[in-house]
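Notes to accompany the following structure.
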Amino acid sequence: MLLSPDDAKLFFKLNRSLIRFVNQKKNVVPDAFFNPESSRQVTDVLSDNLDLIELFVEQNPDNLVQAELDIVRLWRHQVTGIFYVFRQLKKHMIFLSEDDPVIAYGVVGLTNPIEEVVNVYLPARVEAVLLPFKGQIIYDGLLGGYNISFGSGIKRTMNDCYRQAKKQQGVVTSLPIEKVRTTKKKTHSKRKKVANPTVKNIKPILEEIFDLIEDFCVVHLNEEYANTCYELAEKLSRKRPSPLLRGRPKTWACGIIRAIGWVNFLDDPLLEPCLKFTTIDAALGVSNSTGQKQSLIIRKMLNIHSFDPDWTLPSLIADNPMVWMVEVNGMALDLRYAPREIQEVAFERGMIPYIPADQETGPVKNNNDLEHLDSDPNQIYQFKITLNGSEPAIWRRIQVKDCTLEKLHEHIQTAMGWSNSHLHQFQIEGKKFGDPAMLDCELMDIEYIDSTVIRISDLVHKKNLPFDFLYEYDFGDGWEHHVQFEGCSPASPGKTYPLCLKGKQACPPDDVGGIWGYGDYLEALADPEHEQHKEKLQWNGPFNPNTFHAVKATKRMQNGLPNWR
Numbered sequence: 064m065l066l067s068p069d070d071a072k073l074f075f076k077l078n079r080s081l082i083r084f085v086n087q088k089k090n091v092v093p094d095a096f097f098n099p100e101s102s103r104q105v106t107d108v109l110s111d112n113l114d115l116i117e118l119f120v121e122q123n124p125d126n127l128v129q130a131e132l133d134i135v136r137l138w139r140h141q142v143t144g145i146f147y148v149f150r151q152l153k154k155h156m157i158f159l160s161e162d163d164p165v166i167a168y169g170v171v172g173l174t175n176p177i178e179e180v181v182n183v184y185l186p187a188r189v190e191a192v193l194l195p196f197k198g199q200i201i202y203d204g205l206l207g208g209y210n211i212s213f214g215s216g217i218k219r220t221m222n223d224c225y226r227q228a229k230k231q232q233g234v235v236t237s238l239p240i241e242k243v244r245t246t247k248k249k250t251h252s253k254r255k256k257v258a259n260p261t262v263k264n265i266k267p268i269l270e271e272i273f274d275l276i277e278d279f280c281v282v283h284l285n286e287e288y289a290n291t292c293y294e295l296a297e298k299l300s301r302k303r304p305s306p307l308l309r310g311r312p313k314t315w316a317c318g319i320i321r322a323i324g325w326v327n328f329l330d331d332p333l334l335e336p337c338l339k340f341t342t343i344d345a346a347l348g349v350s351n352s353t354g355q356k357q358s359l360i361i362r363k364m365l366n367i368h369s370f371d372p373d374w375t376l377p378s379l380i381a382d383n384p385m386v387w388m389v390e391v392n393g394m395a396l397d398l399r400y401a402p403r404e405i406q407e408v409a410f411e412r413g414m415i416p417y418i419p420a421d422q423e424t425g426p427v428k429n430n431n432d433l434e435h436l437d438s439d440p441n442q443i444y445q446f447k448i449t450l451n452g453s454e455p456a457i458w459r460r461i462q463v464k465d466c467t468l469e470k471l472h473e474h475i476q477t478a479m480g481w482s483n484s485h486l487h488q489f490q491i492e493g494k495k496f497g498d499p500a501m502l503d504c505e506l507m508d509i510e511y512i513d514s515t516v517i518r519i520s521d522l523v524h525k526k527n528l529p530f531d532f533l534y535e536y537d538f539g540d541g542w543e544h545h546v547q548f549e550g551c552s553p554a555s556p557g558k559t560y561p562l563c564l565k566g567k568q569a570c571p572p573d574d575v576g577g578i579w580g581y582g583d584y585l586e587a588l589a590d591p592e593h594e595q596h597k598e599k600l601q602w603n604g605p606f607n608p609n610t611f612h613a614v615k616a617t618k619r620m621q622n623g624l625p626n627w628r
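Numbered by the numbering used here, the letters in the sequence shown go through residues 64 to 628 in order.
And the structure:
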């Protein structure tokens with residue numbers, strides 16, 4: 064949102080008058096050299112001498128009318144500092160203060176959208192002076208930018224800060240800031256407690272548990288363990304009433320990690336990673352008896368058993384006999400060794416996670432095994448793509464034939480459900496891969512290896528399987544995907560590739576504001592009383608985040624993108 068042309072003209076008139084007055088009083092810069100840089104010097108002096116505003120109003124050197132003087136007088140409530148230009152909303156741009164506690168300001172642009180003025184992908188770090196103007200907040204026309212890019216971890220922290228700021232203060236849209244809303248003291252009322260806590264009660268607790276799991280798994284385990292623990296925590300949160308509302312988050316985090324570790328034999332020295340359960344207790348500040356008890360409570364609550372297929376790590380699925388055992392005419396049958404026709408029926412019915420016959424060749428062990436890949440058009444490459452930061456995880460497992468990275472981009476777009484409306488890039492072993500024809504005009508200072516000529520088999524030759532890399536889509540929203548190359552197998556007779564084997568959760572809509580904005584989008588859709596509910600519903604229509612159909616994804620992959628190279 065911008066000021067009206069008349070209001071913008073009025074602001075610049077008043078601001079120039081005040082800046083000239085301050086410069087004359089303090090002799091900051093020669094009038095002959097007045098430019099944006101010198102204006103910043105003058106505004107810095109003004110910020111340290113706000114009494115000059117009252118003096119300006121008293122002397123009124125340019126014969127302003129009273130209404131104009133009243134506007135300038137309120138500028139003594141200006142806020143100066145470092146801000147993060149965070150997110151564009153319908154009515155204003157969100158500026159997050161760098162100080163603690165974080166305050167979210169809703170700032171209106173002057174004559175051009177603030178995102179264009181900043182001229183970098185959001186979020187951006189800027190130096191600014193925020194001013195009250197006719198019941199709104201504007202900036203003084205100068206934004207000092209910092210050439211800094213932010214990864215998904217920092218963006219997630221900003222999103223958490225924004226949520227906390229909204230909870231404590233709301234979005235500040237006028238100056239001076241009203242006093243922070245305080246919660247009334249609890250009274251000893253004899254009213255009955257609400258029997259069914261709402262979803263909103265559980266969200267901050269679940270987020271705290273996620274953070275504890277993430278902190279532990281980053282240091283002691285791996286992403287695979289973290290994602291499985293997230294799924295367990297999320298399932299506990301969906302029970303009504305949720306048990307997570309009782310007890311401490313760190314105790315639940317400890318019990319969840321212990322439960323997943325118990326299913327996957329975390330303490331077995333023959334497996335990697337290997338960890339004693341008492342290490343989990345110590346790291347989370349929970350006694351050994353409490354950690355063991357909480358794990359048992361969770362396992363009984365959800366009927367989790369040893370070798371439980373639902374909670375087995377993906378990397379251990381192939382070696383878990385409970386995943387593959389079925390009973391046929393009273394006899395136990397291991398589907399790993401059954402004829403392919405039986406495996407296909409079991410897979411279609413959801414009884415097994417994939418068709419074992421497709422995995423018979425197993426992962427390639429060394430570079431010598433890879434020498435045949437370039438010349439074999441029937442070689443199939445399997446990938447798992449996970450959207451970073453998504454909770455619960457949004458992921459797809461796909462199989463494709465050898466192709467260029469640019470074609471792999473198309474496969475990822477169609478499997479996930481994106482619209483291919485923005486730029487993209489791959490980051491592999493510290494190098495960036497992209498289409499130079501599309502990227503040079505946008506990012507002149509970055510060198511890209513041409514993704515239209517590099518093939519999957521070229522990368523496999525250089526790395527033992529499996530290996531991981533990053534795929535980023537939409538540099539503004541910053542959708543980062545963790546891509547894991549899981550191995551190779553011969554193409555199955557009669558099957559058409561590419562294929563989407565499995566996945567979970569719907570793909571977020573394009574332009575929703577990145578992973579941090581996606582959470583707000585879902586929150587607004589779920590609450591008819593939310594201030595943005597109608598706006599989001601009209602923008603994208605009804606949306607169910609829990610739906611995904613591998614068959615439909617396969618159809619999109621095989622149809623390809625329209626007008627694609």
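Beta carbons are placed, not taken as given, at the ideal position from N, Cα and C, and that holds for glycine.
Going by C-alpha to C-alpha distance, which of the options sits closest to residue i?
| i | options | result |
| --- | --- | --- |
| W542 | L486, M388 and A228 | L486 |
| V120 | K599, P608 and N78 | N78 |
| R150 | Q141, A130, D133 and P176 | P176 |
| F146 | Y202, S369 and L127 | Y202 |
| T375 | D537, V349 and G324 | G324 |
| S514 | Y536, N483 and L471 | L471 |
| F84 | T106, F370 and S67 | T106 |
| P638 | E241, P402, E335 and N327 | Examination of residue 638 is not possible in this model, given that the chain is present from 64 through 628 alone. |
| L334 | L284, P556 and L624 | L284 |
| R103 | K363, I491, I82 and K89 | I82 |
| P572 | M479, Q129 and K153 | M479 |
| P312 | V282, P332, P556 and G354 | G354 |
| L194 | L152, W138 and T220 | W138 |
| E549 | D521, I116, F530 and K88 | F530 |
| D344 | C337, N86, S369 and Q357 | Q357 |
| G198 | S484, E241 and L152 | E241 |
| S453 | G204, P93 and E286 | E286 |
| K88 | A130, E404, I116 and Q601 | I116 |
| G577 | P336, W481, I519 and S520 | W481 |
| F196 | S378, A130 and I367 | A130 |
Can you name, in chain order, every residue of its own chain whose Cβ lies under 8 Å from the Cβ of residue i, other than the five neighbours on each side?
| i | result |
| --- | --- |
| K298 | L365 |
| A71 | L65, L173 and T174 |
| K495 | Q488, F489, I509, E510, Y511 and I512 |
| I276 | A289, C292, Y293, A296, A316, I319 and I320 |
| M388 | A395, L396, D397 and L398 |
| L307 | I265, I268, L269, I272, A296, L299, S300 and W315 |
Below 8 Å on the Cβ atoms is my guess for residue i versus residue j; work out the distance and round it to an integer in Å.
| i | j | result |
| --- | --- | --- |
| V108 | V91 | 5 Å |
| V192 | S110 | 7 Å |
| F606 | L588 | 6 Å |
| D540 | D583 | Their Cβ separation, rounded to whole angstroms, is 13 Å, which puts D540 and D583 out of contact at 8 Å. |
| P455 | Q568 | 6 Å |
| I491 | L522 | 7 Å |
| N123 | L132 | 6 Å |
| A346 | F279 | 6 Å |
| I418 | E404 | Wrong, their Cβ atoms sit about 10 Å apart, outside the cutoff. |
| I519 | Y444 | 5 Å |
Which same chain residues end up closer than 6 Å to residue i when comparing Cβ atoms and leaving out the 5 residues on each side of it in sequence?
| i | result |
| --- | --- |
| I361 | G318 and A322 |
| N222 | W579 |
| L450 | I457 and H544 |
| V546 | F446, I448, F532 and Y534 |
| N86 | V105 |
| G497 | Q488, Y511 and S514 |
Short of 7 Å in beta carbon distance, which residues of its chain neighbour residue i, apart from the five on each side in sequence? Order them along the chain.
| i | result |
| --- | --- |
| D125 | S80 |
| T424 | Legend: pLDDT at T424 = 40, less than 50; position of this residue unreliable, no value from coordinates given. |
| K339 | D330 |
| L585 | P608 |
| V181 | V148, A187, V189, L206 and G208 |
| C224 | L159 and V165 |
| P239 | H140 |
| H155 | M64, G169, V170, V171 and T236 |
| G566 | W458, R459, R460, F611, A613 and A616 |
Problem - Contact the region 591-598 vs the region 462-470: 3+ CB pairs below 8 Å - result: Note that the region 591-598 does not touch the region 462-470; fewer than 3 beta-carbon pairs, one per stretch, sit closer than 8 Å.
Handout entry: Continuous alpha helix (DSSP H) assignments of at least 4 residues falling wholly in the region 308-394
Key = Counting only runs of 4 or more, we get 312-326, 340-347, 351-364 and 384-387.
Handout entry: Any beta strand (DSSP E) of 3 or more consecutive residues that is wholly inside the region 105-186
Key = For the region 105-186, whole beta strand (DSSP E) runs of length 3 or above, ordered along the chain, are 142-151, 156-160 and 167-170.
Practice task
Mind the definition here: the region 157-167 touches the region 221-236 only if three or more C-beta pairs lie below 8 Å; say whether that holds.
Solution key: Output reads yes: the region 221-236 touches the region 157-167.
Practice task
Specify whether the region 616-625 and the region 556-567 touch according to this definition: at least 3 beta carbon pairs, one from each stretch, less than 8 Å apart.
Solution key: Here the region 616-625 lies against the region 556-567, with 3 or more beta-carbon pairs under 8 Å apart.
Practice task
Could you name each continuous alpha helix (DSSP H) segment of 4 residues or more that falls completely within the region 501-586, going from the start of the chain to the end?
Solution key: DSSP runs (the alpha helix (DSSP H)) wholly in the region 501-586: 519-524.
Exercise for the section: Could you pull out every unbroken alpha helix (DSSP H) segment of at least 4 residues lying fully inside the region 590-627, listed in chain order? Expected result: Runs found: 596-603 and 613-622.
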